[in-house]
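Just so we're aligned, residue 148 is where the sequence shown starts under the numbering used here, counting upward by one.
Each residue gets a CB set at the ideal place from its N, CA and C atoms; glycine is no exception.
Please read the structure below before turning to the comments.
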Amino acid sequence: MKIIGLTASPHANGNTVTLVTKILENAASGGAQTKHLDLAKLNISPCKGCNYCKAHEDCVQKDDFTDVISEINSSDGIVLGSPVYFSDISAQEKLFIDRLYSCVDASFKTRIPPGKKIAFIYSQNTPDRKAFDQHFAKYDFIAGMLGLQSVGRFVSVGDVKKSPAEIDGAVALGKKLA
148 MKIIGLTASP
158 HANGNTVTLV
168 TKILENAASG
178 GAQTKHLDLA
188 KLNISPCKGC
198 NYCKAHEDCV
208 QKDDFTDVIS
218 EINSSDGIVL
228 GSPVYFSDIS
238 AQEKLFIDRL
248 YSCVDASFKT
258 RIPPGKKIAF
268 IYSQNTPDRK
278 AFDQHFAKYD
288 FIAGMLGLQS
298 VGRFVSVGDV
308 KKSPAEIDGA
318 VALGKKLA
């Protein structure tokens, strides 16, 4: 089993990265092959809306997105993590999500191989874990368009390094990928 963790936080040691790293460590201790990619550090350009991808098998842009999709295509499970800024995902993750448009053909059939699971991790300072559920629901929908089976989401609150329960909640979700 191969699990890829994608984080989209400008904070290399922040809550999102901590949670996704703990999920990957737990998966590796169970025998999974794991890899972490930091979307905030990769060179991924915005979608141009040119529709090249609808007539071709890939995106016209040749940047780090190509490598990320290759990793996703060869994985069994994906953990996608983002901090919550102003009620939604980070700009770094939104950029990645927009480029996923190239992963569906002109009839909106997915190009991602079937059978993959995805778990969503969100970290926020707002104490109400459900405060932004209406915003997060669209990412479940997008995962479905791509043929990915969502195993759920975990929303952490506050500083996860000071709260083992937050880490435990994320790890419990990560176990659903296996």
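C-alpha gap between residue i and residue j, whole angstroms
| i | j | result |
| --- | --- | --- |
| SER303 | SER156 | 14 Å |
| TYR199 | LEU324 | 33 Å |
| MET148 | GLY224 | 8 Å |
| ARG258 | CYS194 | 17 Å |
| SER297 | ILE268 | 12 Å |
| THR154 | ASN220 | 17 Å |
| ALA278 | SER234 | 8 Å |
| LYS188 | PHE243 | 12 Å |
Assigned secondary structure, residue i (DSSP; H/G/I helix, E/B strand, else coil)
| i | result |
| --- | --- |
| THR165 | helix |
| GLN208 | coil |
| LYS263 | coil |
| LYS241 | helix |
| GLY291 | helix |
| ASP280 | helix |
| LEU171 | helix |
| LYS182 | strand |
Residue i classed as buried or exposed, judged by whether at least 16 other C-beta atoms fall within 10 angstroms
| i | result |
| --- | --- |
| GLU319 | Per the sequence shown, residue 319 should be read as Ala rather than Glu. By the neighbour-count rule (16 or more Cβ atoms within 10 Å), ALA319 is not buried but exposed. |
| VAL164 | buried |
| GLU204 | exposed |
| GLN271 | buried |
| PRO230 | buried |
| LYS308 | exposed |
| ALA266 | buried |
| LYS264 | buried |
Open item on the list: Contact between the stretch 169-182 and the stretch 246-256 is defined here as three or more beta-carbon pairs at a separation below 8 Å; is this criterion met?
Closed with: Under the 8 Å Cβ criterion, the stretch 169-182 does not count as touching the stretch 246-256, having fewer than three qualifying pairs.
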